[in-house]
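Just so we're on the same page, this note's numbering is the position in the sequence shown counted from 1, plus 1174. Even for Gly, the Cβ is constructed at its ideal location relative to N, Cα and C. As the structure is a computational prediction, the values presented were derived from the model and not from experiment.
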Amino acid sequence: MSIGLSAFCLQCHLRRSLDTARSLGSEQTATAFARELMKLYLAAPEDASAPWFSADTARLFHEFYGLDLDRFREEKRLSNEFVLSALPEIQRRVEQADDPVYAALQYAVLGNYIDYSALEGEVSMETFGKMLSEGELLSLDRENYRALCRDLSAGGKLLYLTDNAGEIGFDRVLAQQIHRRYPQVDITFCVRGGPALNDATREDAAAVGIPFPVIDSGAPISGTVPERLGQEAREAFSSADVILAKGQGNAETLLGCGKNVYYAFLIKCVWFRHLFGKEKFTPMLLRDCQWLSAK
């Protein structure tokens, strides 16, 4: 299952794609581009979610306008650099907290702000710095947090599904705190299988120094679509005892999958605000079983 493509998503994806297309060339070319986009919508499975189209949309931008398939490369580099410069202070705060795992989770969720696609034109490192200064005030669902800790205390395999570049630096801090408290847990990071908006890839995992095994999803998709995972990621997904899925993209593509998944993200788009009845930038820690029981 997933959060299927709604009219909200179609309108948003088409509008943002065409705004970019029209800035790059003629109206005639933008119209031809739009026709190809609509063909993608019609050909997609009925339960496809917005991230399903990320790779094909990038391909169309490359074919029509010559855009680099990794067109957010510079934003990713700058995001990683910013987070690395902030990490010593964040690590200090986390280690001094009464509950370092919870504190690290707060910052990891805040890191989900670094999203140059969903927050097109809104991302500001100055704003993000102010958000980080109040990271300890971020409120997450305590019942779900306790459930996550119980699951981790049982040991086994934790698959950590990452989202954005930069954000993955805070994921490193959280995973290290989990490893410190629950050394019996085997942690594996999974990044995207190729350029997907400003999402983290193997290159970004290396840039922020992820000290755990890193695999990739096998596809340049800004989410985790089980049927499109590569063999290594598919095996890790099926054998995981706990899955921590960061970001809206992973939530969109996995919610309702029936696995023991904990979703951690900031609400950013109109559709998620509608689904959850929450304001923009509300922090979320959600369990898959909650979503299934609510459906």
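What are the start and end residues of the alpha helix (DSSP H) that includes residue i?
i	result
residue 1362	Note, residue 1362: premise wrong, no alpha helix (DSSP H); beta strand (DSSP E) at 1359-1365.
residue 1445	1444-1450
residue 1373	No alpha helix (DSSP H) holds residue 1373; DSSP gives it neither H nor E.
residue 1191	1181-1198
residue 1215	1201-1217
residue 1234	1228-1239
residue 1410	1405-1413
Determine the direct distance from the alpha carbon of residue j to that of residue i, and round the result to whole angstroms.
i	j	result
residue 1187	residue 1327	41 Å
residue 1238	residue 1229	14 Å
residue 1200	residue 1241	15 Å
residue 1208	residue 1396	21 Å
residue 1450	residue 1250	29 Å
residue 1390	residue 1420	15 Å
residue 1325	residue 1352	12 Å
residue 1195	residue 1295	16 Å
residue 1293	residue 1211	21 Å
residue 1457	residue 1287	10 Å
residue 1227	residue 1214	8 Å
residue 1433	residue 1198	42 Å
residue 1367	residue 1375	7 Å
residue 1316	residue 1398	26 Å
residue 1269	residue 1349	13 Å
residue 1177	residue 1464	14 Å
residue 1307	residue 1234	40 Å
residue 1219	residue 1184	14 Å
residue 1206	residue 1365	33 Å
residue 1321	residue 1193	43 Å
residue 1357	residue 1363	16 Å
residue 1263	residue 1334	23 Å
residue 1302	residue 1323	28 Å
residue 1452	residue 1413	33 Å
residue 1314	residue 1267	18 Å
residue 1454	residue 1439	11 Å
residue 1441	residue 1312	13 Å
Enumerate in chain order the residues of its own chain whose CB-to-CB distance from residue i is below 8 Å, with the five nearest sequence positions on each side excluded.
i	result
residue 1444	1182 and 1186
residue 1319	1276, 1279 and 1459
residue 1403	1391, 1392, 1393 and 1411
residue 1247	1369
residue 1379	1336, 1342, 1363, 1365 and 1388
Please go through the same chain and pick out, in chain order, the residues whose beta-carbon is closer than 7 Å to the beta-carbon of residue i, but skip the five residues on each side of it.
i	result
residue 1400	1411 and 1431
residue 1446	1422
residue 1461	1318, 1321 and 1436
residue 1355	1275
Kindly give me the distance between the Cβ atoms of residue i and residue j, rounded to whole angstroms, as I take these residues to be in contact under 8 Å.
i	j	result
residue 1369	residue 1244	4 Å
residue 1429	residue 1437	7 Å
residue 1258	residue 1382	6 Å
residue 1332	residue 1416	5 Å
residue 1253	residue 1340	3 Å
residue 1261	residue 1343	6 Å
residue 1405	residue 1347	About 30 Å; that fails the 8 Å criterion.
residue 1305	residue 1284	6 Å
residue 1371	residue 1291	4 Å
Where does the unbroken beta strand (DSSP E) through residue i begin, and where does it stop?
i	result
residue 1390	1388-1390
residue 1440	1435-1440
residue 1416	1416-1420
residue 1461	1457-1461
By Cβ distance, which residues of its chain are closer than 6 Å to residue i, with the 5 residues on each side in sequence left out?
i	result
residue 1345	1282 and 1336
residue 1289	1338
residue 1232	1243
residue 1225	1395, 1396, 1397, 1423, 1426 and 1427
residue 1271	1277
residue 1236	1243
residue 1408	none
residue 1297	1290
Using only the heavy atoms of the ligand PLP, determine whether one of them is closer than 8 Å to the beta carbon of residue i.
i	result
residue 1242	By its list of ligands, the structure shown contains no ligand whatsoever, and the ligand PLP lies outside what it can speak to.
Query - Contiguous alpha helix (DSSP H) assignments of at least 4 residues, all confined to the segment 1310-1340 - result: Within the segment 1310-1340, the complete alpha helix (DSSP H) runs of at least 4 residues are 1316-1327.
**Report entry** Secondary structure, alpha helix (DSSP H): runs of 4+ residues fully inside the segment 1244-1320
**Finding:** Listed in chain order, they are 1247-1270, 1274-1284 and 1299-1307.
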